[in-house]
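Protein chains in written order, with the numbering used here: chain A, 1 to 325; chain B, 326 to 650.
Just so it is clear, CB atoms sit at the ideal spot from N, CA and C, and this is done for glycine as well.
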């Protein structure tokens with residue numbers, strides 16, 4: 001079978017492609033597992049060193065370009081993991097760019113899937129940003145009221161995934177990812193970039209700026225749990241999703257103070273001292289609109305994975321720094 | 326000031342234009358009332374006899390055509406009432422048409438408003454179809470889970486209205502209209518078309534088919550209350566809307582049996598006998614996804630109008646049949 005991963009050159013995309021290669025198989029619409037023969041990554045740019053496997057091909061292009069997309073998806077795509085997005089801070093700074101990629105791009109992906117002979121399974125990476133605060137506790141029935149353009153675009157794309165599925169054009173599944181911590185590499189334009197930065201940089205001996213207050217709560221997940229969830233979302237039978245094609249993934253509620261505490265336990269006082277509190281009002285305003293407490297009853301009931309605690313997340317990240325690449 | 330009404334040649338559009346002309350004034354962004362100097366109706370076609378007033382101009386064109394739209398809105402539009410839509414049954418039968426008009430068309434309208442020097446007030450006519458059943462009681466906090474493409478498109482457009490308002494591109498207000506009863510004229514492709522038909526046709530001595538069961542509940546509003554609400558939505562100060570730019574309008578919960586009972590009281594046994602119960606599974610399935618019971622606390626608190634009862638709606642409609650045109 002052929003699998004397409006949009007945003008495949010990104011951090012999560014790379015982890016997902018590696019996990020798919022290790023796994024080797026995925027479920028197709030007939031309910032049986034098939035060998036993954038081909039994985040095509042689509043991304044706007046090729047940056048850094050990419051995971052190499054004979055099954056994996058990397059294509060550079062714009063998901064908003066329908067002609068390019070239909071060429072890549074051809075008529076033999078069984079599954080799509082749609083991760084490509086303009087991140088929250090960038091979509092807030094450049095409204096039109098966010099609409100073009102997050103909205104029109106997603107629609108182009110769905111249209112290409114619709115043109116396939118079958119109804120491909122489509123896993124869409126949505127976000128906690130679909131919610132806007134203040135919401136004391138988000139449940140499976142909380143009305144999503146996004147407070148950022150990124151959140152609106154992700155939410156609207158969820159509704160498209162739902163309607164395309166209802167019409168039988170695709171077999172879609174959208175999952176709202178918590179903030180992913182710890183992301184390796186460099187800071188990006190996501191308003192949540194600091195959440196990884198305040199762990200990653202100090203462990204590398206570098207100072208990190210924390211633009212929000214120590215009491216700020218975040219709803220987070222490890223990269224590993226997120227990848228497991230994306231694949232689990234794909235593997236669940238269609239009737240588990242039924243008419244509701246989106247759910248909130250499990251995560252952990254953690255304060256910035258508790259994050260720094262975990263950093264101290266893993267990296268020592270010197271590491272913790274490298275976090276400099278320096279409020280950035282623009283980032284703080286965006287982050288404050290994201291609820292941090294969730295009851296993920298539906299996701300738990302259908303077996304989505306969850307991290308044990310934040311200390312474990314930091315320890316797992318620190319372990320990757322010592323492992324050979 | 327200049328007001329644009331999309332869907333202005335339709336039934337509600339015509340009623341709205343007439344009401345605006347009678348009223349003569351609207352509030353502008355500075356909070357003061359101004360004389361309406363010009364009303365431009367945009368509609369895809371010119372059908373039947375149109376309301377004539379020296380202030381009103383009728384333009385025929387496609388709201389999905391950005392160039393056409395920007396020409397009509399020019400740079401002097403103060404307010405837009407956006408009513409144009411592909412109705413529910415048609416959007417379900419032709420997915421692409423619904424997406425093009427209800428989604429892309431709305432976005433084109435919003436983009437043209439954004440290009441105005443000010444931030445025009447935009448009143449968007451959304452729909453109870455934003456909700457999908459079964460929902461025993463819809464409140465202001467009920468998660469909208471539309472079960473039709475029309476509902477998805479209306480809901481997505483609401484989120485655009487909200488985000489364009491948050492960004493300061495427009496001063497938007499979206500109201501979810503109940504099913505409007507009694508519409509004059511001919512049946513249309515809305516799944517709710519029968520709700521007017523089973524009153525209108527029997528009163529005109531014509532048989533009407535009711536495609537849903539007598540126990541079916543509907544959430545309805547008179548055309549008059551809907552027009553009053555659209556204008557009220559426009560007139561409310563921006564801070565009344567705040568960050569939540571959509572609300573559920575008041576209405577009446579009524580069963581088909583009670584509707585026929587009201588018809589009997591106004592038109593006699595002969596009229597009631599002209600309703601033929603003949604189930605249509607496609608229409609029934611769509612109508613059954615619309616919740617019929619609402620608590621409209623927010624709308625009531627800010628003064629939106631409500632019909633007294635269904636009998637009054639039928640009596641008011643019957644009175645229009647006797648009045649000179």
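Counting only beta-carbon separations shorter than 8 Å, does residue i have a partner in chain B?
i: residue 142 of chain A; result: yes
i: residue 95 of chain A; result: yes
i: residue 152 of chain A; result: yes
For residue i, count the other beta carbons within 10 Å of its own beta carbon; 16 or more makes it buried, fewer makes it exposed. Which is it?
i: residue 442 of chain B; result: exposed
i: residue 60 of chain A; result: exposed
i: residue 216 of chain A; result: buried
i: residue 511 of chain B; result: exposed
i: residue 486 of chain B; result: buried
i: residue 35 of chain A; result: exposed
i: residue 42 of chain A; result: buried
i: residue 602 of chain B; result: exposed
i: residue 163 of chain A; result: buried
i: residue 155 of chain A; result: buried
What residues of chain D sit near residue i, judged by a beta carbon separation below 7 Å?
i: residue 480 of chain B; result: No chain D is present in this structure, whose protein chains are A and B.
Going straight from the alpha carbon of residue i to that of residue j, what length do you get?
i: residue 256 of chain A; j: residue 213 of chain A; result: 7 Å
i: residue 115 of chain A; j: residue 420 of chain B; result: 14 Å
i: residue 91 of chain A; j: residue 327 of chain B; result: 33 Å
i: residue 592 of chain B; j: residue 374 of chain B; result: 27 Å
i: residue 159 of chain A; j: residue 383 of chain B; result: 35 Å
i: residue 613 of chain B; j: residue 583 of chain B; result: 17 Å
i: residue 146 of chain A; j: residue 109 of chain A; result: 23 Å
i: residue 451 of chain B; j: residue 226 of chain A; result: 36 Å
i: residue 20 of chain A; j: residue 136 of chain A; result: 36 Å
i: residue 261 of chain A; j: residue 312 of chain A; result: 12 Å
i: residue 380 of chain B; j: residue 387 of chain B; result: 22 Å
i: residue 195 of chain A; j: residue 249 of chain A; result: 18 Å
i: residue 615 of chain B; j: residue 607 of chain B; result: 14 Å
i: residue 15 of chain A; j: residue 5 of chain A; result: 11 Å
i: residue 44 of chain A; j: residue 177 of chain A; result: 22 Å
i: residue 202 of chain A; j: residue 12 of chain A; result: 22 Å
i: residue 458 of chain B; j: residue 171 of chain A; result: 21 Å
i: residue 293 of chain A; j: residue 112 of chain A; result: 36 Å
i: residue 469 of chain B; j: residue 518 of chain B; result: 23 Å
i: residue 37 of chain A; j: residue 47 of chain A; result: 24 Å
i: residue 130 of chain A; j: residue 405 of chain B; result: 28 Å
i: residue 70 of chain A; j: residue 467 of chain B; result: 38 Å
i: residue 352 of chain B; j: residue 625 of chain B; result: 21 Å
i: residue 101 of chain A; j: residue 121 of chain A; result: 21 Å
i: residue 228 of chain A; j: residue 88 of chain A; result: 23 Å
Could you spell out where the alpha helix (DSSP H) holding residue i opens and where it closes?
i: residue 131 of chain A; result: Residue 131 of chain A -> no alpha helix (DSSP H), and no H or E assigned at all.
i: residue 561 of chain B; result: Neither: residue 561 of chain B is in no alpha helix (DSSP H) and is coded neither H nor E.
i: residue 89 of chain A; result: 88–93
i: residue 624 of chain B; result: 622–626
For residue i, list the residues DSSP reports as bridge partners.
i: residue 210 of chain A; result: A:277
i: residue 68 of chain A; result: Per DSSP, none; premise fails for residue 68 of chain A.
i: residue 544 of chain B; result: B:578
i: residue 59 of chain A; result: A:42
i: residue 143 of chain A; result: For residue 143 of chain A, which the question treats as bridged, DSSP gives no partner whatsoever.
i: residue 200 of chain A; result: Answer by DSSP bridge pairing: none, since residue 200 of chain A is not bridged.
i: residue 406 of chain B; result: B:330, B:448
i: residue 441 of chain B; result: In the DSSP output, where bridge partners are listed per residue, residue 441 of chain B has none listed.
i: residue 164 of chain A; result: For residue 164 of chain A, which the question treats as bridged, DSSP gives no partner whatsoever.
i: residue 477 of chain B; result: Residue 477 of chain B pairs with nothing; no bridge assigned.
i: residue 360 of chain B; result: B:350
i: residue 612 of chain B; result: DSSP output for residue 612 of chain B lists no bridge partner at all.
i: residue 180 of chain A; result: A:221
i: residue 294 of chain A; result: A:138
Is there a Cβ from chain A that is less than 8 Å from the Cβ of residue i?
i: residue 613 of chain B; result: no
i: residue 488 of chain B; result: yes
i: residue 296 of chain B; result: Because residue 296 of chain B is not part of the residues shown, which for chain B are 326 to 650, the question remains open.
i: residue 492 of chain B; result: yes
If you follow the beta strand (DSSP E) that residue i is part of, which residue opens it and which one closes it?
i: residue 351 of chain B; result: 350–352
i: residue 540 of chain B; result: That residue, residue 540 of chain B, is in no beta strand (DSSP E); it is neither H nor E in DSSP.
i: residue 502 of chain B; result: 496–502
i: residue 322 of chain A; result: Unbroken run through residue 322 of chain A is the alpha helix (DSSP H), 310–322; no beta strand (DSSP E).
i: residue 248 of chain A; result: 246–248
Less than 7 Å between the CB of residue i and some heavy atom of the ligand MN, yes or no?
i: residue 280 of chain A; result: Inclusion of the ligand MN in the displayed structure is not the case, the ligand content being empty and no account of it being possible.
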